[in-house]
Amino acid sequence: MYSELIETFLSYFGGQSDGIRIFRSPGRVNLIGEHTDYNGGFVFPVALTMDTTVLARPRDDRQINLIATDLKQMVSANLDELHKWKHLKWGNYQLGVADELQKSGYKLCGCDLLYDDKVPLGSGLSSSAAIEIATAIALVALGNAYHEIKREINMVEIAKIAQKAEHNYVGVKCGIMDQFASAMGKKNMAIFLDCRDLTWEMVPLDMKGYKLVIANTNVKRSLAGEKYNERRSECEHGLEQLRRIFPNASYLRDISVGDFIRYRDQISGETIRKRVAHVVYENERVIKAVEALKKNRLKEFGVLMNASHDSLRDLYEVTGKELDTLVEQSRKVEGVLGSRMTGAGFGGCTVSLVREDKVREFIERVGGAYYKEIGHDASFYITEAGNGGREIIF
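Converting from the sequence shown to this note's numbering requires adding 9 to each position, the first position being numbered 1.
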C-alpha cells in the first residue's frame, strides 16, 4: 500500500528504505459549535478518514528537509535556527511544530520528511492540523529513538503544542479544536469537547439511516486572513465589556443565554453584540445537539445544525455566497435534516445530514444548482468518523 510513497521518498532523498517510518493524522469536520473554541466553549467534531501521511527518516545532522508529493520545491532548515524560517508559503506549520516541540523540552534529530496530503487544502477540514499532528508524532518518535529516550507520546500534549506552533510561528490565533480532533479522534465517535479545560466525551456517531455529507465550495480561504483574527478580536472586546458585570468571566463561554439577554444592552456597538450573541447561543446549541444525538433525535439535531448556520450567516457574518448557496440548496432536498457551514468560513465546506437513500440525489441536485449559481463545481465527500494521529506499522 505504501510502496509507491516509499519509492517517491527515495527518489527525493536517496539511500535505502531501512529507517523509514510512516505516520498519519486526519482532518476533521465539526458537526456544530463554530467559532466557540477560542472563546472557551463547546465543540462537537469528528476526525475524518481523509488524512495526511508522513514518511520520515532520521539524519545524523540537524537538518530537516520537507517535501510534498504534489510540490516540486523542497524546504530545508536547521533545527537550531528555526527562527530564520518563519512565514514560508509552505513548510511553516511543520517548522513551527519543530520549534515548539524543542521549546517544550523535546529532543529532536535531523530528518527527511515526505508529505502526502489527502485533506483538501483551504477547505475548512483542518488540513493544517493534520499536517501539524502528523509532523509532531513523527518528530517525537524519531527524536526519542535517535536519542534513546523512552517516553510515551501524550496526544493531548501534542495537540496543545501544535496549537502553540500555529499561534507563535504561523501567526494564527486558532482555538484548540482542530488539533485536538486530529490527535484524539476515534472511529465511529464524535468528540464533545470543552475547550476551556479540555475535558471531553466520546459520543457514538450512530446516524440511524442517515449520512454526513461534506460539500466543498472549492473556494480557498486563508485562516490567517484579516477576517478570522478580526472576529476573535471582536469577541475579546465583547468579553471585556461584560467583565464589568461578570468580573470572573474568563471567556464568553462563561456568559449564559440568560445573562446575555439580561445584559446585552451593556455591550456597546451592534457588531460586537452580534458576535457575542452567536457565541453564547452556539454553546447552548452544542449541548442540545449532543443530547439529541445520544437520544437518536436526529430531526432535532438537524434543526440545531440549521440554526447554527443561520447564526454564522446573520450574527457572525462568516459565510458568504458560496457557502450560503450550498446550504440553501441542500435544505431543499427531501431527506435532508440539516445543513450548515463547517470550519472558519469565508469559503470551505458545508456538512449536511442526509437520508441514506437520498445521498445520490442530494449530490446531483445540490451540485447542479451550485454550478448554475456560482459557475464552478462543488466537491462532495460522504463522511465517516476515523481515528486520530498515529504511526502506521507496515
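Ideal placement from N, C-alpha and C gives every residue a C-beta, glycine not left out. These numbers were taken from a predicted model, which means no experiment stands behind them.
Asked                                                                                                                             : Found
Chain-order list of residues whose beta-carbon lies under 7 Å from that of residue 314 (same chain, five-residue window excluded) : 41, 347, 348, 349, 362
Distance between beta carbons of residue 64 and residue 15, contact taken as under 8 Å                                            : 7 Å
Residue 192 and residue 167 closer than 8 Å at C-beta                                                                             : yes
Cβ-based neighbour list, residue 22, same chain, cut-off 6 Å, excluding 5 preceding and 5 following                               : 121
Beta-carbon contacts of residue 89 that lie in its chain and below 8 Å, excluding the five residues immediately before and after  : 71
Nearest candidate by alpha-carbon position, reference residue 74, set 250, 91, 343, 60                                            : 91
Beta-ladder partner(s) of residue 347, from DSSP                                                                                  : 362
CA-to-CA distance, residue 150 to residue 206, given in whole angstroms                                                           : 27 Å
Neighbourhood of residue 83 by C-beta distance below 8 Å, restricted to the same chain and skipping five residues each side       : 21, 74, 75, 76
Stretch pair the stretch 370 to 383 + the stretch 258 to 267: three plus CB contacts closer than 8 Å                              : no
Run of the alpha helix (DSSP H) containing residue 153, from where it starts to where it stops                                    : 136 to 155
Neighbour-count burial assignment, residue 278, 16 or more Cβ in a 10 Å radius                                                    : exposed
Residue 26 versus 45, 57, 33, 67, residue with shortest Cα-Cα distance                                                            : 67
Residue 127 versus residue 252 - alpha carbon distance                                                                            : 43 Å
Classification of residue 59 by the beta-carbon crowding that lies within 10 angstroms, buried from 16 upward                     : buried
As assigned by DSSP and simplified to three states, the class of residue 332                                                      : helix
Three-state class that DSSP yields for residue 323 in the structure shown                                                         : helix
Closest Cα partner of residue 344 within the set 157, 220, 328                                                                    : 220
Expected contact under 8 Å - CB spacing of residue 211 and residue 397 to nearest Å                                               : Wrong, their Cβ atoms sit about 11 Å apart, outside the cutoff.
Residue span of the beta strand (DSSP E) that contains residue 26, given as start and end                                         : Neither: residue 26 is in no beta strand (DSSP E) and is coded neither H nor E.
Boundaries of the beta strand (DSSP E) in which residue 64 is found, first to last residue                                        : 54 to 67
Residue 388 - partner residues in DSSP beta bridges                                                                               : 225
Alpha-carbon to alpha-carbon, residue 238 and residue 258                                                                         : 21 Å
Burial state of residue 275, where buried means 16 or more other Cβ atoms lie within 10 Å                                         : exposed
Nearest-angstrom Cα separation, counted from residue 139 out to residue 393                                                       : 16 Å
Distance between residue 249 and residue 306 (C-alpha atoms, nearest Å)                                                           : 37 Å
Secondary structure of residue 86, DSSP reduced to three states                                                                   : strand
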